[in-house]
Amino acid sequence: MIAGAVATAAAGGFWDLLVEPWQYEFMQRALLVTVVASIVCALLSCWLVLIGWSLMGDAVSHAVLPGVVLAYLFGAPFALGAFVFGVGAVGLIGLVRGTSKVKEDAAIGVVFTTVFAIGVVLVSITPSQIDLSHILFGNVLGVSDVDIAQVLVLAAAAFVVLVLLRRDFTLYAFDKVQAHVIGLSVRRTGVILLGLLAVTVVVALQAVGVILAVAMLITPGATAYLLTDRIWHMLWVAPTIAAGCAVVGIWASYALDAASAGLVVVCQGLAFAVAYTVSRVRHRGGRGRTLSAVASRRSFE
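Taking my numbering, I'd label the letters of the sequence shown as residues 3 to 303.
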């Protein structure tokens, strides 16, 4: 009887720990922003991984920093400054790559590190009544009504475009030549994807900050890539995993009194580790296949 009572008390205490965080408004707001940001970033990450734009996602996520700081100085919306500098960084990378013998990866590395460094300098010298370091590491527990509205609007817009143009993006990822032959503007499709990348970086910025935003843009897609060989499966597996990691990460931040953004990304990394282990077991069992190997047959099923 005593053992049963102890077990019941322990179970009740654990249940209270699970439920308690969601009773607070700031936790509910943090969960909303993080889940929404995670879903739209995960959806885009599927194409970023397939196209090979992981480094581009890293570049854009870091390049928005000076734009956010300047937007603060001039009293403009943070999203506007971040978007302008994100698109500007992409244009600058294209300029360097197209007008010199420097390869794309080197151009990306030079541009994004330089622009990010400019942002760090601006943060250090900008007089501010708020802690601009939250831009670097996120402050999802302190999001305002304006921040939430901004995230919901931008995420909804990006989500709709990604869903409507999903077939164009898939063909662009697998076969640009065929896309051109059937009349799809390859250049325009690439520009749209880059624009969506800038928008989703702004969304992720509210949840995890500049430094960790790249994780939300790459890890879910990479995880889904290891688990399935169909693009359409990736498009629901990645957001589902990302949303689950958002819930667990936000809850764990309350339970452990630790950084919310960091724990969300840690959860995504753990999910990737599990997916990697599962994929290795499949491969050893002779059942492993890659998405690219079956893309021509299944990508439009």
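Cβ coordinates follow ideal geometry from the N, Cα and C atoms, glycine included.
This structure is a prediction, so every number in the text was calculated from the model and none was measured.
Can you tell me whether residue i is buried or exposed, with buried defined as 16 or more other CB within 10 angstroms of its CB?
i, result
"T304", "Residue 304 lies beyond the residue range present for the chain, which begins at 3 and ends at 303; the question has no answer from this structure."
"L19", "exposed"
"S255", "buried"
"A244", "buried"
"L138", "buried"
"I184", "exposed"
"F114", "buried"
"L196", "buried"
Using only CA atoms, which one of the options lies nearest to residue i?
i, options, result
"A160", "A206, G264, V104, G69", "A206"
"V89", "W24, Q208, A61", "A61"
"F171", "I194, G185, Q152", "I194"
"S2", "V239, F114, A226", "Within the shown structure, residues of the chain are numbered from 3 to 303, placing residue 2 beyond reach of any answer."
"I53", "A257, Q208, V212, A175", "A175"
"R169", "C48, T279, W24, I243", "C48"
"C247", "L97, A257, L272", "L272"
"F28", "S146, V70, I41, G111", "S146"
"V142", "T279, F76, I252", "I252"
What's the gap between the Cα of residue i and the Cα of residue j?
i, j, result
"A73", "I120", "14 angstroms"
"A322", "T230", "In the structure as shown, the chain starts at 3 and stops at 303, and residue 322 therefore has no counterpart that could be examined."
"P241", "C43", "8 angstroms"
"L154", "V266", "19 angstroms"
"G304", "H182", "In the structure as shown, the chain begins at 3 and stops at 303. Residue 304 is therefore absent and cannot be evaluated."
"Q270", "A108", "28 angstroms"
"Q30", "Q152", "17 angstroms"
"G223", "I127", "37 angstroms"
"H64", "A215", "8 angstroms"
"E22", "V148", "26 angstroms"
"Y26", "I213", "27 angstroms"
"L94", "V104", "13 angstroms"
"V179", "E106", "20 angstroms"
"A12", "D177", "Residue placement at A12 cannot be trusted, given a pLDDT of 49 that sits under 50; what the coordinates show is reported in the next sentence. Approximately 56 angstroms, taken between the alpha carbons."
"R286", "A275", "17 angstroms"
"T191", "W55", "14 angstroms"
"V203", "L167", "19 angstroms"
"A257", "I150", "24 angstroms"
"F76", "T279", "49 angstroms"
"H235", "V188", "24 angstroms"
"V239", "W24", "25 angstroms"
"V112", "V98", "10 angstroms"
"S102", "V268", "39 angstroms"
Can you name, in chain order, every residue of its own chain whose Cβ lies under 7 angstroms from the Cβ of residue i, other than the five neighbours on each side?
i, result
"D259", "none"
"P68", "F87, V117, I120, G121, L124"
"L198", "L46, A160, V163, L164"
"A39", "V153, A157, V205, A206, Q208, A209, M218"
"G59", "L50, L199, V216, L219, I220"
"G6", "Confidence is the limiting factor: at G6 the pLDDT is only 46, short of 50, which leaves the residue's position unreliable and the question unanswerable from this model."
"I41", "P241, A244, A245"
"L57", "D107, I110"
"L82", "A73"
Throw me the rounded Cβ distance for the residue i and residue j pair, which I believe falls under 8 angstroms.
i, j, result
"A277", "L237", "At roughly 16 angstroms, the Cβ-Cβ gap does not stay under 8 angstroms, so A277 and L237 are not in contact."
"G211", "G140", "3 angstroms"
"L33", "V249", "7 angstroms"
"I220", "L50", "6 angstroms"
Excluding the five sequence neighbours on either side, which residues of its own chain have a C-beta within less than 8 angstroms of the C-beta of residue i, listed in chain order?
i, result
"A200", "V62, V66, A84, F85, G88, V89, V92"
"L186", "D170, L173, Y174"
Take residue i and list the residues in its own chain whose beta-carbon comes closer than 6 angstroms to its own, dropping the five residues that flank it on each side.
i, result
"F80", "V70, A73"
"L173", "A181"
"F302", "Note that F302 has pLDDT 42, beneath the 50 cutoff, so the model's placement of it is unreliable and no number is given."
"G100", "none"
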